[in-house]
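Asks: First, the structure itself, so that you have it in front of you.
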Amino acid sequence: NKVKLFNDLASKYISINNTVKATSYADSSELLATALYYKTGKANAIVLKGQAESKKGNRENAVGKYKLAANLYHELGDKTAEANTFTSIAGEYAQKDNYVEALRYRHAAMKLYEELNIKDGLMRTFLGIGSVYGNLANYPEAMKYFFTVLKMAKEAGNKNIIAGALRNLSVLYQYENNLKASYNAATESLKIFEELGNKKGVASATGSL
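Numbered according to this note's numbering, the sequence shown terminates at residue 311, and the numbering increases by one at each position without gaps.
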């Protein structure tokens, strides 16, 4: 319980960008969890330390922490946590423009989400893969993933992901100089984000417009 409380505190401090206190509580959690042979608590603490490093812009350190945690989750057989951690690793590599590694970890996460039939994780992974292909200027492949996500999100009624996929499509249409399609996708995306009260989404869609 104390390990869990330390992790909860670390998470709260990360949410308010206090990485010093977050790391301190995560360190305490990892130390206690190690003494208790409580692998799940230890892995969770290491993930939180990775998040703190990410907040500070220390991408390499964040990746190192996430990989340690992913190994622990693998040993525990916790495929959901392992897939989530792979997603975090992919995000860090994408931020560093290392698209080869970003794709590798996105596909690793995708495989686990498919095995577990976690639709939400799968949709977000497809969005991530599409974004990487977009950054690589492989627009047909990016489009393929975004349209797949859009179809899945509509079937699931997940409006946030519908809006996100439309916003990404609007950007790709701009690259292809298809401005009418870009405008329509961005307009639809903006409308959904406004309905949801998603301010970041509203800003993003407005930027596309």
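Using N, Cα and C, we set each Cβ at its ideal position, and we do this for glycine too.
Everything numeric in this text was worked out from a predicted model, so none of it was measured.
Please confirm whether Arg-208 and Gly-230 have their CB atoms less than 8 Å apart.
Replies: yes
Asks: State the start and end residues of the unbroken alpha helix (DSSP H) segment that holds Asn-146.
Replies: Taken as a continuous stretch (DSSP letters only), the alpha helix (DSSP H) holding Asn-146 covers 141-157.
Asks: Work out the CA separation of Phe-248 and Tyr-318 for me, nearest whole Å.
Replies: Since the first and last residues shown for the chain are 103 and 311, residue 318 lies out of range.
Asks: Please go through the same chain and pick out, in chain order, the residues whose beta-carbon is closer than 6 Å to the beta-carbon of Ala-283, but skip the five residues on each side of it.
Replies: Tyr-275
Asks: Along the alpha helix (DSSP H) that carries Ala-239, what are the first and last residues, could you check?
Replies: Element bounds for Ala-239: n/a, residue is neither H nor E.
Asks: For a quick check, are the C-beta atoms of Ile-54 and Lys-261 less than 8 Å apart?
Replies: The structure shown does not extend to residue 54, since the chain is modelled only from 103 through 311, so no value can be given for it.
Asks: Suppose you measure from the CA of Val-165 to the CA of Ile-191; what does that come to, to the nearest Å?
Replies: 6 Å
Asks: Near Tyr-127, which residues of its chain fall below 6 Å by C-beta distance, leaving aside the five closest residues on each side in sequence?
Replies: If you ignore the 5 residues before and after Tyr-127, its C-beta comes within less than 6 Å of the C-beta of Phe-108, Leu-111 and Ala-112, all in its own chain and listed in chain order.
Asks: Answer yes or no: do Lys-151 and Thr-125 have a C-beta to C-beta separation smaller than 8 Å?
Replies: yes
Asks: Is the segment 196-210 in contact with the segment 174-181, if contact means three or more CB pairs nearer than 8 Å?
Replies: no
Asks: Closest to Ser-233 by C-alpha separation, out of Leu-218, Arg-269, Ala-211 and Gly-259, would be which residue?
Replies: Looking from the CA of Ser-233, the closest CA among Leu-218, Arg-269, Ala-211 and Gly-259 belongs to Arg-269.
Asks: Since Ser-291 and Ala-305 are thought to touch, with beta carbons under 8 Å apart, how far apart are those beta carbons, to the nearest angstrom?
Replies: The pair is not a contact, with the Cβ atoms about 11 Å apart (cut-off 8 Å).
Asks: Determine the extent of the alpha helix (DSSP H) in which Gly-266 is found, giving its start and end residues.
Replies: Element bounds for Gly-266: 261-277.
Asks: Give the single residue among Tyr-139, Glu-194 and Ala-137 whose Cα lies nearest to the Cα of Val-149.
Replies: Glu-194
Asks: Please name the residue, chosen from Asn-237, Leu-252 and Asn-146, that lies closest to Asn-186 on a Cα-to-Cα basis.
Replies: Among Asn-237, Leu-252 and Asn-146, the Cα nearest to that of Asn-186 belongs to Asn-146.
Asks: Would you mind reading off the limits of the alpha helix (DSSP H) that contains Asp-129?
Replies: Per DSSP, Asp-129 belongs to the alpha helix (DSSP H) from 121-137.
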